[in-house]
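202 is the number of the first residue of the sequence shown in this note's numbering; add one for each residue after it. Worksheet for the structure shown next.
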Amino acid sequence: MNYDDFFREAEKRQLRLPPPLREAHFQSSLDNEALFHLPLLAMVILTLSKGSSKPQMSELGQLVGECLERTVAGFKGSSQDIGWSANLRIRTVKALTFLERTGLAEVDSRNSAISATSKGREIVKHVRDQEASPLANALLIIERSFENIRAERRIREEV
202 MNYDDFFREA
212 EKRQLRLPPP
222 LREAHFQSSL
232 DNEALFHLPL
242 LAMVILTLSK
252 GSSKPQMSEL
262 GQLVGECLER
272 TVAGFKGSSQ
282 DIGWSANLRI
292 RTVKALTFLE
302 RTGLAEVDSR
312 NSAISATSKG
322 REIVKHVRDQ
332 EASPLANALL
342 IIERSFENIR
352 AERRIREEV
């Protein structure tokens, strides 16, 4: 039987192949690799740098890591400490470079503080206006985590 005859015969007999069985298993929405994607890191940087408390360039990688640890369910209470990940720090620098080149963020040359430009703040506002989106919820938690980290550091310095 040739190729065309085979498909004609299959159609005539209404043969259908069953779909492959899929194993139902839980898959986290954000795994280790997803955390290191530049768009997500860029959004985290914009979120951290849009408020009145600006992150310093020297502490950015650590802050991004700490905020993600507090935000992503898979890292809460984990011993992985991704704030010290070299891969995360390298990609954070790449994300910051992207934000600078596109005019979404800028680094103050005097004090190395990173701040979102008005265009960058608009992007964060646009995402946050979509209240039901997972990204909007994650950015809110990241912003809250950043505020908590700052408060914890102030308290430690006072003690």
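Cβ coordinates follow ideal geometry from the N, Cα and C atoms, glycine included.
Straight-line Cα distance separating residue j from residue i
| i | j | result |
| --- | --- | --- |
| residue 239 | residue 268 | 16 Å |
| residue 349 | residue 318 | 23 Å |
| residue 353 | residue 255 | 16 Å |
| residue 263 | residue 285 | 6 Å |
| residue 206 | residue 222 | 28 Å |
| residue 220 | residue 203 | 25 Å |
| residue 297 | residue 265 | 11 Å |
| residue 274 | residue 215 | 47 Å |
| residue 327 | residue 333 | 12 Å |
| residue 358 | residue 253 | 20 Å |
Residue i vs residue j beta-carbon contact at 8 Å
| i | j | result |
| --- | --- | --- |
| residue 337 | residue 331 | yes |
| residue 261 | residue 246 | yes |
| residue 308 | residue 251 | no |
| residue 292 | residue 242 | yes |
| residue 346 | residue 290 | no |
| residue 321 | residue 305 | yes |
| residue 244 | residue 315 | no |
| residue 248 | residue 356 | no |
| residue 237 | residue 312 | no |
DSSP beta-bridge partners of residue i
| i | result |
| --- | --- |
| residue 257 | 314 |
Helix, strand or coil at residue i according to DSSP, with G and I counted as helix
| i | result |
| --- | --- |
| residue 265 | helix |
| residue 328 | helix |
| residue 306 | strand |
| residue 284 | helix |
| residue 335 | helix |
| residue 252 | coil |
| residue 216 | coil |
| residue 203 | coil |
| residue 360 | coil |
| residue 273 | coil |
| residue 347 | helix |
| residue 221 | coil |
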